[in-house]
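Undergrad: What follows is a structure written as structure tokens; I'll ask about it next.
Residue numbers (full-length UniProt numbering): 1 to 661.
Written as structure tokens, this is what we have:
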């Protein structure tokens with residue numbers, strides 16, 4: 001039932017009265033049903049309601065949104081919330097998607113609580129945007145909480161609108177979510193956030209609330225300076241998430257990581273989970289594999305069309321799907337977050353793993369760490385650094401990645417490593433065995449020893465390493481097998497194909513010149529030129545190979561279709577269709593249509609077919625399979641069996657595999 005809003009506090013009341021705890025707690029209990037504020041929430045709210053700037057550092061799940069939602073109820077006027085585009089990382093390139101469905105769900109939830117909230121986005125229908133703009137221009141806008149993107153803030157037209165609201169005394173607060181994005185030192189720097197520095201110049205007396213869940217000390221300083229916060233109240237909550245159990249699993253010691261993950265999810269029962277992957281193809285393959293084993297899952301990434309993304313997201317939010325692969329969206333009852341590939345920084349890992357247990361209930365973070373994954377990430381970071389200037393900031397991704405590797409390769413407390421990376425001291429005793437290193441220290445030590453031996457035997461000197469000037473030892477005194485090595489002899493499978501083209505390029509370019517008289521720098525320059533030429537010549541080949549549909553993917557798709565078809569046939573009581581052959585026909589139809597387009601289109605078509613099966617009637621199934629049968633050459637086993645198919649054959653003269661001819 002939709003709540004009626006409490007009356008807005010009298011505008012003539014002093015800020016002291018409006019910011020009083022009694023008034024604010026009353027609003028919290030009425031609109032959100034919470035008995036009291038948590039952590040630093042009350043201090044942040046009281047600061048901005050009284051007109052003071054505030055920088056608030058709270059962990060994921062700490063309740064940051066309350067810090068600007070309550071002020072929207074405590075004082076008249078509009079609270080402007082600047083929220084970023086969602087960024088998904090694939091192959092080292094950020095692809096930005098504004099999740100209008102998520103914002104719409106958030107706004108709807110706020111309206112149910114009696115809060116007049118809206119969001120402005122280019123993804124909305126024109127008439128919806130026009131209605132919001134008309135409300136803002138009315139002189140007495142009904143909206144109290146307005147979500148916008150930094151890109152919109154940067155436009156002259158919208159900034160002019162904000163100035164008019166400000167001149168009429170209708171702008172209550174500017175809240176900047178994910179404020180670390182404004183800092184080039186942050187793990188998720190976005191140039192569009194830099195435009196927000198103009199807000200202080202244009203709207204000088206409007207308090208600014210900067211919120212973030214992940215910010216190292218240098219990032220905090222940069223955010224405060226970039227936003228020109230004036231004498232801000234700086235609030236920092238502990239980064240510790242005591243309800244999350246942290247664990248690392250080593251791919252190199254597991255026979256099959258896919259199988260291990262499936263068993264892990266099944267052992268936890270019907271929980272809600274998020275799995276992060278580095279690449280789209282891994283998302284698709286892993287999702288299909290999970291689905292083929294009976295785990296309700298779906299992939300979510302920028303390669304899917306908007307309709308499919310919306311369907312996947314809606315299914316997950318409504319718990320129709322148990323697992324979603326590669327997403328950055330929030331749901332309070334997520335019990336497990338898995339990283340199937342090593343993240344690029346401790347900040348990324350902390351923020352993503354922190355999406356588990358936002359309801360404060362026991363949850364798990366499981367990171368699958370593999371040497372090959374680490375090599376791939378190192379390669380991406382190294383290439384990124386080479387393209388940038390040799391400034392200290394260009395080397396930051398490397399040092400950030402070293403932290404997450406030490407987290408995985410060290411035998412000390414995982415929780416301590418996380419918190420120390422953010423400058424927070426943490427006594428190991430307080431972990432209370434809530435990480436695998438503290439709960440099973442001997443087992444972790446044996447795994448690390450075995451990992452060292454296995455990695456040395458499998459990879460020897462053929463890996464790409466990031467050279468570090470730091471000591472070989474990790475924080476807990478353990479020597480790391482994988483750091484401070486030279487890059488000599490780097491020829492990993494990811495970098496050099498089976499063909500001899502690369503070797504020929506190197507030989508022709510550098511062969512006669514790579515004499516012992518040349519120094520290391522000269523040799524590296526020549527080899528880099530050879531590598532650039534080789535990469536350029538093989539770019540199209542690699543792209544084609546990467547987009548190819550593997551047999552493994554096809555088999556997983558067939559199994560997914562078979563599972564759905566078997567369920568549908570049983571539900572409809574259909575016995576005339578042979579499910580195994582029918583699922584192969586359906587998969588082959590998808591493959592014929594989209595084999596040249598690549599994995600993403602093929603996967604989307606498979607997903608579309610699965611959804612169609614779930615809604616198809618008996619007649620629709622029979623018609624489609626009969627139609628498909630006419631297109632095939634007469635061979636193989638029948639799709640349609642028993643007497644009804646003989647009737648169809650006599651009536652429609654079907655001469656194909658569908659009739660067994």
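No residue lacks a Cβ here, since even glycine has one placed at the ideal position from N, Cα and C. No experiment lies behind these values; they were computed from the predicted model shown.
Distance check for residue 434 and residue 413, CA to CA, integer angstroms please.
TA: Position 413 of the chain shown holds residue 413. Position 434 of the chain shown holds residue 434. Straight-line Cα distance between these residues: approximately 9 Å.
Undergrad: So, is residue 480 buried or exposed, given that buried needs 16 or more other C-beta atoms within 10 angstroms?
TA: By one-based count along the chain shown, residue 480 stands at place 480. In this predicted model, residue 480 has a pLDDT of only 32, less than 50, meaning its place in the structure is not dependable enough to derive any value.
Undergrad: Quick check on DSSP: helix, strand or coil for residue 344?
TA: The residue labelled residue 344 in the question sits at position 344 within the chain shown. The answer is coil: DSSP assigns residue 344 none of H, G, I, E or B.
Undergrad: By DSSP's criteria, residue 336 is part of a beta bridge. Which residues make up the other side?
TA: For the purposes of this step, residue 336 is taken as the residue at position 336 of the chain shown. In the DSSP output, where bridge partners are listed per residue, residue 336 has 273 and 364.
Undergrad: Look up residue 593 in the DSSP assignment and say whether it is helix, strand or coil.
TA: Sequence index remark: in the chain shown, residue 593 carries index 593 (1-based). Reduced to three states, the DSSP call for residue 593 is helix.
Undergrad: Just the C-alpha distance for residue 468 and residue 423, rounded to the nearest angstrom, thanks.
TA: Here residue 468 refers to the residue found at position 468 when the chain shown is read from its first residue. Here residue 423 refers to the residue found at position 423 when the chain shown is read from its first residue. Low per-residue confidence applies at residue 468: pLDDT is 30, beneath 50, and the placement is therefore not dependable, though the value from the model is reported in the following sentence. Approximately 21 Å, taken between the alpha carbons.
Undergrad: Between the segment 41 to 59 and the segment 208 to 222, are three or more C-beta pairs nearer than 8 Å?
TA: yes
Undergrad: Can you give, in chain order, each stretch of the beta strand (DSSP E) that sits fully within the segment 247 to 316 and has at least 3 residues?
TA: 272 to 276 and 297 to 299
Undergrad: DSSP on residue 371, reduced to helix/strand/coil?
TA: Taking the first residue of the chain shown as position 1, residue 371 is located at position 371. Helix, per DSSP.
Undergrad: How should residue 109 be labelled, buried or exposed, when 16 other C-beta atoms within 10 angstroms of its C-beta is the threshold for buried?
TA: On the chain shown, position 109 is the one that residue 109 refers to. Counting Cβ neighbours within 10 Å, residue 109 comes out exposed, since fewer than 16 surround it.
Undergrad: Helix, strand or coil, according to DSSP, for residue 40 in the structure here?
TA: Start at 1 with the first residue of the chain shown, and residue 40 comes out as number 40. Note: residue 40 maps to coil in three-state DSSP.
Undergrad: Cβ of residue 310 within 8 Å of Cβ of residue 298?
TA: Reading the chain shown from its first residue, position 310 is the one you call residue 310. Reading the chain shown from its first residue, position 298 is the one you call residue 298. Result no, Cβ atoms of residue 310 and residue 298 do not sit closer than 8 Å.
Undergrad: By Cβ distance, which residues of its chain are closer than 6 Å to residue 248, with the 5 residues on each side in sequence left out?
TA: On the chain shown, position 248 is the one that residue 248 refers to. 367, 369 and 408, listed in sequence order.
Undergrad: Between residue 331 and residue 320, what straight-line distance do the alpha-carbon atoms span, to the nearest angstrom?
TA: Your numbering for residue 331 matches position 331 in the chain shown. Your numbering for residue 320 matches position 320 in the chain shown. Looking at the two C-alpha atoms, the distance is approximately 13 Å.
Undergrad: Can you grab the Cα-Cα spacing for the pair residue 636 / residue 587, in whole Å?
TA: Within the chain shown, numbered from 1, the residue matching residue 636 stands at position 636. Within the chain shown, numbered from 1, the residue matching residue 587 stands at position 587. Interpretation of residue 636 is limited by its pLDDT of 48, a score under 50 that renders its predicted location unreliable; the figure taken from the coordinates is listed afterwards. Going from the Cα of residue 636 to the Cα of residue 587 covers about 16 Å.
Undergrad: Let me know if residue 597 comes out buried or exposed under the rule of 16 or more other beta-carbons within 10 Å of its beta-carbon.
TA: Reading the chain shown from its first residue, position 597 is the one you call residue 597. Answer is exposed; the Cβ neighbour count stays below 16.
Undergrad: Using the Cα positions of residue 262 and residue 362, report the straight-line distance between them to the nearest angstrom.
TA: Within the chain shown, numbered from 1, the residue matching residue 262 stands at position 262. Within the chain shown, numbered from 1, the residue matching residue 362 stands at position 362. Residue 262 and residue 362: Cα-Cα distance of roughly 20 Å.
Undergrad: Comparing alpha-carbon positions, which option in 170, 625 and 124 lies nearest residue 141?
TA: Residue mapping note: residue 141 aligns to position 141 of the chain shown, counting from 1. Answer by Cα proximity: 170.
Undergrad: Since residue 349 and residue 282 are thought to touch, with beta carbons under 8 Å apart, how far apart are those beta carbons, to the nearest angstrom?
TA: The residue you call residue 349 lines up with position 349 of the chain shown. The residue you call residue 282 lines up with position 282 of the chain shown. The pair is not a contact, with the Cβ atoms about 17 Å apart (cut-off 8 Å).
Undergrad: Return helix, strand or coil for residue 20, following the three-state DSSP convention.
TA: As a first step, residue 20 is located in the chain shown; it is residue number 20 there, counting from the start. Three-state result, residue 20: coil.
Undergrad: Which word fits residue 61, buried or exposed, when buried means at least 16 other C-beta atoms lie within 10 angstroms of its C-beta?
TA: Here residue 61 corresponds to residue number 61 of the chain shown, with the count starting at 1. Under this definition residue 61 is a buried residue.
Undergrad: In terms of alpha-carbon separation, which member of 314, 293, 230 and 258 lies closest to residue 106?
TA: For this step, residue 106 is matched to residue 106 along the chain shown. Measuring C-alpha to C-alpha distances from residue 106 to each of 314, 293, 230 and 258 identifies 314 as the nearest.
Undergrad: For residue 572, which option in 238, 620 and 599 has the closest C-alpha, if you only look at C-alpha atoms?
TA: Position 572 of the chain shown, counting from 1, holds the residue named residue 572. Of the listed residues, the one whose Cα sits closest to residue 572 is 620.
Undergrad: Residues in its own chain within less than 6 Å of residue 239 by CB, not counting five upstream and five downstream?
TA: Position 239 of the chain shown holds residue 239. So the list reads 59, 419, 422 and 424, once near-sequence residues are dropped.
Undergrad: For residue 278, does the count of other Cβ atoms within 10 angstroms reach 16, so buried, or fall short, so exposed?
TA: In the chain shown, the residue the question calls residue 278 occupies position 278. The residue is buried, with at least 16 neighbouring Cβ atoms inside 10 Å.
Undergrad: Short of 7 Å in beta carbon distance, which residues of its chain neighbour residue 20, apart from the five on each side in sequence? Order them along the chain.
TA: As a first step, residue 20 is located in the chain shown; it is residue number 20 there, counting from the start. Excluding the 5 residues flanking it on each side, residue 20 has no same chain C-beta neighbour closer than 7 Å.
Undergrad: Determine the contact status of residue 241 and residue 63, defining contact as a CB-CB distance below 8 Å.
TA: For the purposes of this step, residue 241 is taken as residue 241 along the chain shown, with counting starting at 1. For the purposes of this step, residue 63 is taken as residue 63 along the chain shown, with counting starting at 1. Result no, Cβ atoms of residue 241 and residue 63 do not sit closer than 8 Å.
Undergrad: What would DSSP say about residue 174, mapped onto helix, strand or coil?
TA: Along the chain shown, one-based indexing puts residue 174 at 174. Here residue 174 sits in strand by DSSP.
Undergrad: How about residue 568 and residue 613: are their beta carbons less than 8 Å apart?
TA: The count along the chain shown starts at 1 and reaches residue 568 at position 568. The count along the chain shown starts at 1 and reaches residue 613 at position 613. A contact, by the Cβ cut-off of 8 Å.
Undergrad: Take residue 235 as the anchor and find which of 592, 622 and 55 has the nearest alpha-carbon.
TA: In the chain shown, the residue the question calls residue 235 occupies position 235. Measuring from the Cα of residue 235, the nearest candidate turns out to be 55.
Undergrad: Please classify residue 610: does DSSP put it in a helix, a strand, or coil?
TA: Within the chain shown, numbered from 1, the residue matching residue 610 stands at position 610. In this structure, residue 610 counts as helix in the three-state DSSP scheme.
Undergrad: Would DSSP call residue 54 helix, strand or coil?
TA: Locating residue 54 in the chain shown gives position 54, counting from the first residue. Residue state, collapsed to three classes: strand.
Undergrad: What is the rounded straight-line gap between the Cα of residue 402 and the Cα of residue 260?
TA: Here residue 402 corresponds to residue number 402 of the chain shown, with the count starting at 1. Here residue 260 corresponds to residue number 260 of the chain shown, with the count starting at 1. Approximately 26 Å between the Cα atoms of the pair.
Undergrad: Does residue 149 come out as helix, strand or coil in the three-state DSSP assignment?
TA: Here residue 149 refers to the residue found at position 149 when the chain shown is read from its first residue. In the three-state reduction of the DSSP assignment, residue 149 falls in the coil class.
Undergrad: Considering only C-alpha positions, which residue in the set 177, 284, 134 and 228 is nearest to residue 552?
TA: Counting from one through the chain shown, the residue named residue 552 turns up at place 552. Nearest option by C-alpha distance: 284.
Undergrad: In terms of alpha-carbon separation, which member of 344, 406, 357 and 135 lies closest to residue 380?
TA: Residue mapping note: residue 380 aligns to position 380 of the chain shown, counting from 1. If we check each option's Cα against that of residue 380, 344 comes out closest.
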